[in-house]
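The structure appears right after this line, and notes come after that.
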Amino acid sequence: MRGLDQKLHAIFERLYDAYGPQCWWPGETPFEVMVGAILTQNTTWSNVERAIASLKALNYLHAEAILALADEPLARLLRPTGYFNVKARRLRCFCAWYLDQGGYEPLRGEKTEALRADLLAVQGIGPETADDILLYAFRRPVFVIDAYTRRLFARLECIRGNEDYEALRGLFESALGADVPLYNEFHALIVRHAKEVCKSRPTCDRCCLSLGCPSSAGATPRPAMDAS
DNA sequence: ACCCAGGGTCATA
DNA sequence: TATGACCATGGG
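Be aware that the first sequence starts at -15, since it is given in our numbering, and climbs by one per residue.
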């Protein structure tokens, strides 16, 4: 019986071969990454890009500027991301915390688990958003668990699928070992794959992971993933 | 018109 | 612990 680590690495290779490097997270600065992580909650990235662009255009992409904005004007800028009233509050809570901590440099010195606990204490930052921030803004070896990850690996029979967030994160992290570049690319590839599969629905009968389904004429079918 | 998206919180049972 | 309701725009 192959270990979980070998299965995961094999799946990673399939995804990487199929899609190549994803160059995540899209964003020029760590702060932009953090803002994006909050704004992308249950929302497509293309919607987040509009809001980020608006903030940038007005030179508001700083914790001080966002905090200085009243709820309503901020919500207007966040409008395309959906839940704009909720996200305006969340963003301001985050910015207040961020400034209170002294910004990026002091935070960068914190140990990962302490930083994670701090992030989770911010209203509106849950486990996935915190882990996005830890991995993509602070380069910490934290494996992000999202709905795609849960569905995909449950289907590939690597997990049951009903484990709680922390259990899954522990499972992936101990199987893969602390590896920031791997975690970075893996999560991005999982999201990419989900989009790709979604695009080809309902004929999603052929993907790089051989998730069931016949291959189209002329294509060489991949051998099925060894799930045992 | 319907479904879902790179979630999180809060109220119930 | 575990569901359900709620937040709300934009693209398929």
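Every residue gets a Cβ at the ideal spot worked out from N, C-alpha and C, and that includes glycine.
Nearest in C-alpha terms to Tyr82, of all of Glu48, Arg134, Lys40 and Gly145, is Glu48.
Residues Phe(-4), Tyr0, Pro5, Gln6 and Trp8 of the same chain have their beta carbon placed closer than 8 Å to that of Glu169, with the five preceding and five following residues left out of the count.
If you draw a 10 Å sphere on the C-beta of Thr24, you find 16 or more other C-beta atoms in it, and that means buried. In the structure shown, Cys77 falls within a helical segment according to DSSP collapsed to helix, strand and coil. Proximity to Val106 across Thr28, Glu56, Val128 and Arg73 peaks at Arg73, based on C-alpha coordinates.
Ala162 and Glu180 have their alpha carbons spaced roughly 28 Å apart. Restricting attention to alpha helix (DSSP H) runs no shorter than 4 residues, the segment 59 to 118 encloses them at 68 to 84, 88 to 92, 96 to 104 and 111 to 116, ordered along the chain. With contacts defined by Cβ atoms closer than 8 Å, Leu103 and Cys79 do not form a contacting pair. By the CB criterion at 8 Å, Leu62 and Thr96 fall outside the cutoff. Excluding the 5 residues flanking it on each side, Ala2 has same chain C-beta neighbours closer than 7 Å at Cys192, in chain order. Excluding the 5 residues flanking it on each side, Gly20 has same chain C-beta neighbours closer than 6 Å at Gly11 and Val32, in chain order. Rounded to whole angstroms, the gap between the alpha carbons of Arg34 and Gly(-13) is 43 Å. A Cβ-Cβ separation of about 15 Å leaves Val128 out of contact with Glu147 under the 8 Å criterion.
By the neighbour-count definition (other C-beta atoms within 10 Å, threshold 16), Leu42 is an exposed residue.
Residue burial annotation: Thr133 is buried, with at least 16 other C-beta atoms found within 10 angstroms of its C-beta.
When rounded, the separation of the alpha-carbon atoms in Ala54 and Asn69 is 11 Å. Between Tyr88 and Val126 a beta carbon distance of about 17 Å is seen, past the 8 Å cut, so the two are scored as non-contacting.
Distance from the CA of Glu157 to the CA of Ala114, rounded to the nearest whole angstrom, comes to 16 Å. Assignment of Glu12 by DSSP, reduced to helix, strand and coil, places it in the coil class. Out of Leu140, Cys77 and Phe15, the CA that lies nearest to the CA of Leu45 is found in Phe15.
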